[in-house]
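Here's the structure, in structure tokens; my notes come after.
Protein chains in written order, with the numbering used here: chain A, 10 to 396; chain B, 47 to 214; chain C, -14 to 367.
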């Protein structure tokens, strides 16, 4: 392709917590410092900083990218914040990628931070403002509506039952028991999910990920630098992103077309022709359990309506043929929106280097895919990493 | 993280920490007032809602009729200006039965938000609204519904000029 | 490294209010014009779309959602950069440089008239623990910086006032400007003191409008237009958001942005090699401070240059021929793209009554405004 090769050479993260004592800036610092330490680099080695963070409404700050810049190591450096709603976490890695692949910089620090707990009465209330101010907000919608509407459509079109979907929550929360930073890891059963409080049918309490505070950071480097820094650089083989129309009520929500478009862009760039064979680990965005299934289908890793069967057959378990969310995902580790997406990319980084400890997927995986999603059921961002 | 790392940064707080006064906090209630210009397409939409009608718009090239109206067809990149009146009825494309409010507090009576494909518009072209006068257990995707409006003198040119949709 | 050029620009004109159009319609107008100018079909040719926006300027969280339809980006790579218009341009530039895409667009807009509590929104950007509780109008930050700048450089208030006269006057010659006016020094000097020593007429008023630009790689650029405007260098930098630890004198963010941009452009003597510049003048003193930080003149010299008329349209180094934010209207984060717009028009020979003669290289610099220390620069040449 002739494009500059870019690798991930270091990563770090904070615990994901319901409420952290640290300010957003401090969380960003902790993750950044850890990422730099992990590859024995200092801020002097960093040429530029790319930050990703989702709604400013959570932090109660306008232009929160500016507020966070000190904590993200951006003092006297070129610094930019990208923002695609929930897709931001994986997109930040893409943003870092184009900083280095452009040839302008050799190293980039990518930081994602989210502090949702500052928003009162509940972080969820900030989501009222994502809806169209004139045609939707007067109806006082809340975030769970939109997930429920999509989940219902997905289930009805494919004739699925709640139990088909609940197994994802069980799998991911259990996987997260092995993640030291996890906020809501638990050993639950499908029954527990089906008996949990109905929030907005068909969404129940154990179907969803929590609101969280947390930060994740990673260091990207151009090929010649990456090889100096580490013996095990993890290459960014492909990136893709796509944003669907804002008129979400004019779309059929049963299938995330935008995820497919993003995936195809990434597969093309990575030269991947048979994703189901060539992708060894998948970290799709799972803020709600059905989303993992929805996204697996959009990523062309499962036929439409078939993802629940793959789960039931154990294919997506950590020791299955195609492990999905070995990290524990958002459902198990937590959902500080932008940080959650980058957590998935970091998970692939550690997995592909054999450093994921108890979460390690067996069999020496070589290629992984991370995907994030956001906006009004609208954006798909995909990053493919390989060793 | 690297299997080598033992401790991760971050200091989780609990409700007890707050109740016992161990945490210092500041509060700020921002003054955020906006007056959004509705513009050409939505102004007409709102004006027609006040008149008791739902209006959509048609793309001459792909011949889709969509609602809410917009000045450009996002697929063809063609300007849209063929206003088309739509019916007051529609079909439920998807729905939910919601027991929590926008601020995450619990509601006793559920709300039933739905995407309703409006008759007269292209297949799939729907709007967000609420369903009422129906038992939650009876709502189905594919159900036919019609708009129930506020009396003319109470309408203000808002999506809430339609109070809700009910089964036909 | 690939060569990248701006091959199309479009804008909606800038007015203090735009009650007849929603932000979507403003964006559509600018985009339609830019694509027409570039000769591209967004559905077919444009491979990536960059939008510049901040939630609280729009009154909508995740504003990203509402962008793709009216710029032709549905089901295509679209993302938002929450920074200055020029940062957005640079993000588009970097994407073309990777080689993964050949044609990328960037848009930025302002609907400042729809923000009814704009001053509160700006205050909302201040540190919630150290600064906001003081409940001071954020303009004090500009007042304090202006005070320090005058003290350090020996620049006098009259020289700042001259910037206003010049830029509002240039605005008169700019058909898309909102605040063209024929002012006198006296009017400016006696205007209400807002935050000493910053006076009311030295603060740019806000305007609404949208700007879209289309970038293309070398080969694609040459196919699309006879006069591509080449991006020779870019630079951007953040200092610190902290009021307590920042440098109050020298606009370091501008200095470092310029260093990076000049190095990339191979410019060793900016004063000689830059023919004209559009630099942020949100507050009149900022134009002078930025001129010095961008190495267009020595520290303390900017005041003399404007006094002598050296930065007028017919001067040796025209600054803000468009009228800047003072003359055109402050477009929130789209202001920087407004600066780039003028540089492009001048280099193309399309600047009408404001046309400068024999210009080949221009500099555009944007600043995100108070309370930030964030800026971005781009050097353009024909």
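Quick reminder that beta carbons are idealized off the backbone N, C-alpha and C, glycines included.
- Excluding its 5 nearest sequence neighbours in each direction, residue 379 of chain A has C-beta neighbours in its own chain below 6 Å: 99, 292, 353, 354, 357, 392, listed in chain order.
- When secondary structure is reduced to three states using DSSP, residue 68 of chain B falls in the coil class, being assigned neither helix nor strand.
- The C-beta separation of residue 100 of chain B from residue 164 of chain B comes to about 6 Å, placing the pair in contact by the 8 Å criterion.
- Within the stretch 50 to 66 of chain C, the residues whose Cβ lies closer than 8 Å to any Cβ of chain B are, in chain order, 53, 54, 55, 57, 59.
- Residue-level contact by beta carbon fails for residue 210 of chain A and chain C, as no gap is shorter than 8 Å.
- According to the DSSP assignment, residue 286 of chain A belongs to the alpha helix (DSSP H) that extends over 284 to 287.
- Just measuring C-alpha positions, the residue of A:309, A:200, A:225, A:351 sitting nearest residue 331 of chain A is A:309.
- With fewer than 16 other Cβ atoms inside 10 Å of its own Cβ, residue 254 of chain C counts as exposed.
- Under the rule that a run must span 3 or more residues, the beta strand (DSSP E) segments found entirely inside the stretch 273 to 348 of chain A read 290 to 292.
- Excluding five sequence positions before and after residue 103 of chain A, the CB atoms of its chain that fall closer than 7 Å to its own CB belong to 248, 250, 390, 392, given in chain order.
- Along the stretch 26 to 48 of chain C, going in chain order, the ones with a CB nearer than 7 Å to a CB of chain A are 39, 40, 41, 44, 45, 46, 47.
- Chain order gives the chain C residues near residue 116 of chain B as 9, 54, 55, where near means a beta carbon separation below 8 Å.
- Setting aside the 5 residues that flank it on each side, residue 156 of chain A is surrounded in the same chain by 212, 297, each with a C-beta closer than 7 Å to its C-beta; the list follows chain order.
- In the three-state reduction of the DSSP assignment, residue 70 of chain A falls in the coil class, being assigned neither a helical nor a strand state.
- Excluding residues up to 5 positions away in sequence, 158, 159, 162, 163, 386 lie with their Cβ nearer than 8 Å to the Cβ of residue 262 of chain A in the same chain.
- Only those residues of the stretch 85 to 107 of chain A whose C-beta falls short of 7 Å from the nearest C-beta of chain C are listed: 85, 86, 87, 88, 89, 90, 91, 92, 93, 94, 100, 107.
- Scanning A:151, A:81, A:16 for the CA closest to the CA of residue 158 of chain B turns up A:151.
- The beta carbon of residue 69 of chain A falls within 8 Å of a beta carbon belonging to chain B, placing the residue at that interface.
- Annotation: residue 311 of chain C to residue 360 of chain C spans about 18 Å, alpha carbon to alpha carbon.
- The DSSP-derived three-state label of residue 159 of chain C is coil.
- Residue 149 of chain B and residue 46 of chain C have their C-alpha atoms roughly 16 Å apart.
- At a beta-carbon threshold of 9 Å, the residues of chain B lying near residue 133 of chain A are 146, 148, 149, 150, ordered along the chain.
- The alpha-carbon of residue 14 of chain A is positioned some 13 Å away from that of residue 113 of chain A.
- In this structure residue 139 of chain B is buried. Its beta-carbon is surrounded by 16 or more other beta-carbon atoms within 10 angstroms.
- Residues of the same chain with a CB within less than 6 Å of the CB of residue 328 of chain C, apart from the 5 flanking positions on each side, are 263, 347, 349, 365 in chain order.
- Taking CB atoms only, residue 204 of chain B has a neighbour in chain A less than 8 Å away.
- Annotation for residue 205 of chain A: 213, 214, 215 place their beta carbon closer than 6 Å to its own, counting only its chain and skipping 5 residues before and after.
- Secondary structure note for residue 292 of chain C: its alpha helix (DSSP H) is the uninterrupted segment 287 to 293.
- Counting only runs of 4 or more residues that sit fully inside the stretch 174 to 205 of chain C, no alpha helix (DSSP H) segment turns up.
- For residue 389 of chain A, the secondary structure class from DSSP, reduced to helix, strand or coil, is strand.
- Non-local C-beta neighbours of residue 202 of chain A in its own chain, meaning closer than 6 Å and more than five positions away in sequence, comprise 175, 178, 215, ordered along the chain.
- Looking at the DSSP output, residue 315 of chain C shares a beta bridge with C:191.
- Interface with chain C (8 Å Cβ-Cβ cutoff): residue 55 of chain A is excluded.
- Residue 133 of chain A sits in a helix when the DSSP states are folded into three classes.
- Look at residue 213 of chain A here: in three-state DSSP terms it is strand.
- Taking 8 Å as the upper bound for CB-CB distance, residue 162 of chain C and residue 294 of chain C are not in contact here, some 21 Å apart.
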